[in-house]
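Colleague:
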Amino acid sequence: MSDTEETKNVDETTTKAEGGAAAAATTTDEVAPESDEPQAYFEPVVKLDEVEVTTGEEEEEVVFKQRTKVFCYKESLLDKGTGKKSWCERGVGDVRFLRHKEHQKVRMLMRQEKTHKILINHLVESRTELTPNMGSDRAWVFSCYDFADGVVETQVFALRFGSAENAQKFKEAHDAAKANNKKLEEGADAADTSAGDDAAKALESWSKPPSWAFA
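Note that UniProt numbering has the sequence shown beginning at 1, numbered continuously upward.
This is the structure we're talking about:
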């Protein structure tokens, strides 16, 4: 190989190396640093104030909770207005007994587990009786004045539990709630009776002429 050809090959190799380095530098320069990333901010069209959500349970404590499925004996949508009633599934969730921290009364509350819609909501009355549904040891039937739909209505509910043990625990908690509310009702009645007696005595004393009155 002549000196001229050797020199030419060296020049070509050098040119390629310089070209590769330039390309690498160009690629490196094209990568934008993090500080150059866009920091776009769009002002919201409508500003919403933060609202505190209340459930109505803030002043109550849970004394019992058990998962169950509730059915309601009523007219279905297809039988609306016909008077024909049947068992309609209302939902699944935790049935709870809540005791108010101030007046100590207990109510039964059940919400749909996904939507939190109220399915059962009523004060446990001492007259309410649980009846086994068709002899089942896992289900109870009872009637009550319920407020779940926003108005007081007479409803017939059936609660079906996962086991006979859970159903029995519910009955025990229900009986305890009944006894608690009955005791409070009797105490209130006694207080009302006492107040009524005092008022009657006061009226009787007022109806008599005072000792200094003229005959």
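In this text, a Cβ means the ideal position worked out from N, Cα and C, and glycines have one as well.
#1: What does a CB cutoff of less than 6 Å around residue 102 pick up in its chain, not counting 5 residues either side in sequence?
#2: From the DSSP output, which residues share a beta bridge with residue 153?
#3: Hey, residue 107 and residue 93: beta-carbon distance below 8 Å or not?
#4: Could you check the C-alpha separation between residue 109 and residue 78 for me, to the nearest Å?
#5: Select from 76, 71, 166, 49 the residue whose C-alpha is nearest the C-alpha of residue 137.
#6: Go ahead and label residue 146 buried or exposed: buried means 16 or more other beta carbons lie within 10 angstroms of its beta carbon, across all protein chains shown.
#7: Starting from the C-beta of residue 126, find all residues in its chain whose C-beta is less than 8 Å away, skip the five residues before and the five after it, and write them out in chain order.
#8: If I measure Cβ to Cβ from residue 28 and keep anything under 6 Å in the same chain, skipping five residues before and after, which residues do I get?
#9: Whole beta strand (DSSP E) runs in the segment 62 to 107 with 3 or more residues, listed along the chain?
Modeller: Taking the geometry as given:
#1: none
#2: DSSP output for residue 153 lists 146 as bridge partner(s).
#3: no
#4: Distance between the alpha carbons of residue 109 and residue 78: 28 Å.
#5: Restricting attention to 76, 71, 166, 49, the CA atom closest to the CA of residue 137 is found in 166.
#6: By the Cβ neighbour-count rule, residue 146 is buried, with 16 or more other Cβ atoms within 10 Å of its own.
#7: So the qualifying residues of the chain are 178, 179, 181, 182, 185.
#8: Low local confidence applies: a pLDDT of 48 at residue 28 is under 50, so the model's placement there is unreliable, with the coordinate-based value given in what follows. Closer than 6 Å at Cβ, skipping near neighbours: no residue.
#9: Within the segment 62 to 107, the complete beta strand (DSSP E) segments at least 3 residues long are 86 to 100, listed from N- to C-terminus.
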